[in-house]
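Going down the list, the protein sequences come from chains A and B. First residue of the first sequence: 1, per our numbering; consecutive thereafter. First residue of the second sequence: 111, per our numbering; consecutive thereafter.
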Amino acid sequence: EDQVTQSPEALRLQEGESSSLNCSYTVSGLRGLFWYRQDPGKGPEFLFTLYSAGEEKEKERLKATLTKKESFLHITAPKPEDSATYLCAVRPSGTYKYIFGTGTRLKVLA
Amino acid sequence: NAGVTQTPKFQVLKTGQSMTLQCAQDMNHEYMSWYRQDPGMGLRLIHYSVGAGITDQGEVPNGYNVSRSTTEDFPLRLLSAAPSQTSVYFCASSSRGESRVAGEQYFGPGTRLTVT
Chain A
1 EDQVTQSPEA
11 LRLQEGESSS
21 LNCSYTVSGL
31 RGLFWYRQDP
41 GKGPEFLFTL
51 YSAGEEKEKE
61 RLKATLTKKE
71 SFLHITAPKP
81 EDSATYLCAV
91 RPSGTYKYIF
101 GTGTRLKVLA
Chain B
111 NAGVTQTPKF
121 QVLKTGQSMT
131 LQCAQDMNHE
141 YMSWYRQDPG
151 MGLRLIHYSV
161 GAGITDQGEV
171 PNGYNVSRST
181 TEDFPLRLLS
191 AAPSQTSVYF
201 CASSSRGESR
211 VAGEQYFGPG
221 TRLTVT
């Protein structure tokens, strides 16, 4: 069965304290892996798409990486405005269905 | 571009009532989908469509109905509301993702539904 697991559920960081969020996935074949950011009371906002193992994407303080079993979202020197829930999703090959993890709630303290 | 719009933003229903949640997109995306988001459960796919006239079931379709008569609109109908349908509902759209493009989704602001 295709599934996505994110860890940790919640993470508190001091401003400037770098860390990583994990997304483990099990699919028969991977069409794409996606990262989203969700602020309270709003819809998810697209961040990155990764297609194959070894691929990396960067945007400001965020860097997403992909292996055959998991993806990491690295946050370098975070700021309070990076506080949000980060969602990971996969699209298995041969399907139009997207499977989401339950997210990591990140709080960055000033 | 307005992106993906949803109406209403908030709704309270009594058990047994029916209603339609509206979703529209102006990006000419072929793919549209509906999710519900519940605490601790993540986003779960209700129904999706890969083009006008084509719909299919997701993970949790029971109690919901959809149709896709135009590329732009994808309404979600609650046939007979139940308290278990209290949730936040998100509509999303993307390109279908042909070739190497997997199709990242763009989400609306959500509809917060309470069924009493």
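Even glycine gets a Cβ: it sits at the ideal position worked out from N, Cα and C. Only a predicted model underlies this, so the values are computations on that prediction, with no experimental measurement involved.
>> Short of 7 Å Cβ to Cβ, which residues in the stretch 11-42 of chain A face chain B?
In response: Residues of the stretch 11-42 of chain A that bring their beta carbon within less than 7 Å of a beta carbon in chain B comprise Arg31, Gly32, Phe34, Lys42, in sequence order.
>> So with CB distances below 7 Å, who are the chain A contacts of Glu214 of chain B?
In response: Along the second sequence, read from residue 1 onward, the residue named residue 214 of chain B stands at position 104. Per Cβ cutoff of 7 Å: Phe34, Phe46, Thr49.
>> Starting from Met142 of chain B, trace the beta strand (DSSP E) in both directions and tell me its first and last residue.
In response: On the second sequence, position 32 is the one that residue 142 of chain B refers to. Residue range 141-148 is occupied by the beta strand (DSSP E) that includes Met142 of chain B.
>> Run through chain A and tell me which residues come within less than 8 Å of Tyr141 of chain B, C-beta to C-beta.
In response: Here the question's residue 141 of chain B lines up with position 31 in the second sequence. Contact note: Tyr141 of chain B reaches chain A through Tyr96, using a C-beta cutoff of 8 Å and chain order.
> When burial is assigned at 16 or more other CB atoms within 10 Å of the CB, is Ala134 of chain B buried or exposed?
Replying inline: Reading the second sequence from its first residue, position 24 is the one you call residue 134 of chain B. Taking a 10 Å sphere around the C-beta of Ala134 of chain B, we find 16 or more other C-beta atoms and assign the residue as buried.
>> Just to check my reading of the structure: Val225 of chain B and Ala191 of chain B have Cβ atoms closer than 8 Å, yes? What is that Cβ distance to the nearest angstrom?
In response: As a working mapping, residue 225 of chain B is identified with position 115 in the second sequence. As a working mapping, residue 191 of chain B is identified with position 81 in the second sequence. In this structure, Val225 of chain B and Ala191 of chain B form a Cβ contact; the two beta carbons are roughly 5 Å apart against a cut-off of 8 Å.
> Closest by CA to Gly152 of chain B, which one among A:Ser93, A:Leu106, A:Phe100, A:Lys42?
Replying inline: Position 42 of the second sequence holds residue 152 of chain B. Minimum Cα distance to Gly152 of chain B is reached at A:Phe100.
> Under 8 Å, do Ser128 of chain B and Leu188 of chain B count as touching if we go by C-beta distance?
Replying inline: As a working note, residue 128 of chain B is residue 18 in the second sequence. As a working note, residue 188 of chain B is residue 78 in the second sequence. Cβ distance < 8 Å, so Ser128 of chain B and Leu188 of chain B count as in contact.
> Can you tell me the Cα-Cα spacing of Pro92 of chain A and Phe120 of chain B, whole angstroms?
Replying inline: As a position in the first sequence, residue 92 of chain A is number 92, starting the count at 1. As a position in the second sequence, residue 120 of chain B is number 10, starting the count at 1. For Pro92 of chain A and Phe120 of chain B, the distance between alpha carbons rounds to 33 Å.
> Looking at the structure shown, is Pro80 of chain A part of a helix, part of a strand, or coil, going by DSSP?
Replying inline: For the purposes of this step, residue 80 of chain A is identified with residue 80 of the first sequence, where counting begins at 1. In this structure, Pro80 of chain A counts as helix in the three-state DSSP scheme.
> For Phe200 of chain B versus Tyr145 of chain B, is the C-beta distance shorter than 8 Å?
Replying inline: Sequence index remark: in the second sequence, residue 200 of chain B carries index 90 (1-based). Sequence index remark: in the second sequence, residue 145 of chain B carries index 35 (1-based). Yes. Within cutoff.
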